[in-house]
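Written out below as structure tokens is the structure these notes cover.
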Amino acid sequence: MHLPEAFESRMQRLLGQQYPEFRAALEQERALGLRINPARLTPKQVQSLPFLEGPVPWTPWGHYYASTSRPSAHPFFLGGGFYLQEPSAMAVAELAAPKPGQWVIDLCAAPGGKTTHLASFMQGQGVLVANEFTASRVPRLLENVERWGARTTVLSNPLDRIARKWERLFDVVVLDAPCSGEGMFRKDPEALSEWRQSTPERLGRLQQDLIEQAAALTAPEGTLVYSTCTFSEEENEQVIEGFLKKHPEFQLASAHLHPSFSAGFGLPEAARLFPHKLRGEGHFMAKLIRTDGEEGDVTYEEHAKVSKPSLKAWEEFRKAHLQGELDGVVIERAGHLYLVREHLPSLAGLKAPAPGIYLGEVKFERFVPAKALAHHLNLKQVSRPLEVGTAEAFKLEFGESVPVDAKDGWHWLHFAGVGFTWGVVKRGNLKPTPLRA
Ligand SMILES: C[S@@+](CC[C@H](N)C(=O)[O-])C[C@H]1O[C@@H](n2cnc3c(N)ncnc32)[C@H](O)[C@@H]1O
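Sequential numbering from 1 applies to the sequence shown in this note's numbering.
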């Protein structure tokens, strides 16, 4: 692996005697990881996965998998049964560890690794907001949180706009900051080719600004987790030290979830994850607690009403296909229905591509259920489940129809109880629900 000379000398300075070990680790094959969705797979189903190679020691949901296997070819992947995630990256949400019912915001969320992990802690309770500033990265975020079946409000805004509106409202704030990606050189050749000697300093300045916005959102006694996947001190310890000087109302707490984590340079509470010390890539994490200040004032979202014809179409579908009511408020946006939290902070003035779980669209007075709704439900909540095999599941996922022996009408499609979409049967032909336009 060829590394820029300037990077090598920076790392030599940082690591001293440990440098040769670090350099040798970068020549090794990297460890691959996946994280289980505890709301989807039973422990028995997890055990049945043929490619697991042992636990990632800092999260109960993390596993290594063999580089010769392809977990994304398993139908449980289609059903959001697990998320492919770099093992070190699994430490961040584990450090944030929100409790069910709390208000949580993930500020730099795409493609959704930390968001889906935070959702597992929250067990469908509380408020989980996932924001992604870069518009082109929002579709991937939406796809991943929808596949996870998570109750999430997806936003796309600059952080200062959110911070001005929702000051001191969140129990847990995660800032997985844009960074120079030095810790991912083994995984991501693009990060390596884009790296310049000036990158850490430039991004350090951006991170200093972003952490201010993250802090503004943090409620009294709330937790702010700052993380990067880079090694430079400019983007890590220096950001935290500079922040703490300006903000005595925040205190550092230990980020050491596992003995294989190293201490931050001059900042022992912060954690460094090094590829020569553990099976994972390079990461940095710091946990800050707000010890002072008053809770912010909250204005709740006024929910958009559902038109009569849309409500009628939805209710008809719900009664025929779902067992009981869903928890939340159904709102409408131009014929598209979402299930949102009753108590959500006001979204006025914010870009919110998905205010809640996307239920589906009303077309010609008929309700067409969304794939996202199928992911949100389980076998006990639906009236017309239809189990399909692996080959069919993949065809349906890619929009193809398959022959089937089932009654006409909508069915919730699943593989071993794990739902992945809706399909409509007409004269022996099963067609998946269309993807969002
Ligand atoms: C490290 S990635 C986030 C990874 C994500 N948390 C996950 O676990 O899947 C950082 C994100 O910050 C976003 N970003 C870039 N510039 C930004 C800015 N100025 N303000 C906020 N976010 C920014 C990037 O688009 C990127 O999605």
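All residues carry an ideal CB built from backbone N, CA and C; glycine is no exception.
- Task: Using 7 Å as the cut-off, classify the Cβ of residue 390 as near or not near the heavy atoms of ligand 1, replying yes or no.
- Result: Residue 390 Cβ: outside cutoff for every heavy atom of ligand 1.
Based on the DSSP secondary-structure assignment, which residues constitute the bridge partners of residue 111? BP columns for residue 111 are empty, so no partner.
- Query: By the 10 Å Cβ neighbour count, where 16 or more other Cβ atoms means buried, how is residue 383 classified, buried or exposed?
  - Reply: The residue in question, residue 383, is exposed, as its Cβ has fewer than 16 Cβ neighbours within 10 Å.
- Have a look at 39, 292, 23 and flag the residue whose alpha-carbon is nearest the alpha-carbon of residue 380. 39
| Which residues mark the beginning and the end of the beta strand (DSSP E) in which residue 369 is found? | 366-369
Short check: CB of residue 104 to CB of residue 171, under 8 Å?
Cβ atoms of residue 104 and residue 171: closer than 8 Å.
query = Any idea which residues DSSP pairs residue 444 with across the strands?
reply = Residue 444 lies beyond the range of the chain shown here (1 to 437); nothing can be said about it.
For this session: Could you check which residue in 412, 419, 428 has the C-alpha nearest to that of residue 401?
Result: 428
Practice task
Using three-state DSSP, classify residue 301 as helix, strand or coil.
Solution key: Reduced to three states, the DSSP call for residue 301 is coil.
| query | Residues in its own chain within less than 7 Å of residue 80 by CB, not counting five upstream and five downstream? | reply | 37, 40, 147, 148, 149, 375
Query - Cα-Cα separation, residue 206 to residue 63 - result: 33 Å
Exercise for review: Please go through the stretch 159-212 and give each complete alpha helix (DSSP H) segment of 4 or more residues, from N-terminal end onward.
Suggested key: 159-165, 189-194
Return yes when the C-beta of residue 128 is under 7 Å from any heavy atom of ligand 1, and no when it is not. no
Measuring alpha carbon to alpha carbon, tell me which residue in 250, 301, 392 is nearest residue 165. 301
Excluding the 5 residues preceding and the 5 following residue 361 in the sequence, name in chain order all residues of the same chain whose CB lies nearer than 6 Å to its CB. 335, 336, 368
> For ligand 1, is there a heavy atom less than 7 Å away from the beta-carbon of residue 134?
Replying inline: yes
State yes or no: is the C-beta of residue 351 nearer than 7 Å to some heavy atom of ligand 1? Incorrect: residue 351 has no Cβ contact closer than 7 Å to ligand 1.
Can you name, in chain order, every residue of its own chain whose Cβ lies under 6 Å from the Cβ of residue 88, other than the five neighbours on each side?
The beta carbon of residue 88 sits closer than 6 Å to those of 273, 280, 281, 283, all from its chain and outside the five residues before and after it, given in chain order.
Exercise for the section: Using beta-carbon positions only, say whether residue 386 and residue 423 come within less than 8 Å of one another. Expected result: yes
Residue 441 Cβ short of 7 Å to ligand 1 heavy atom set:
As shown, the chain starts at 1 and ends at 437. That puts residue 441 outside it, with no answer to give.
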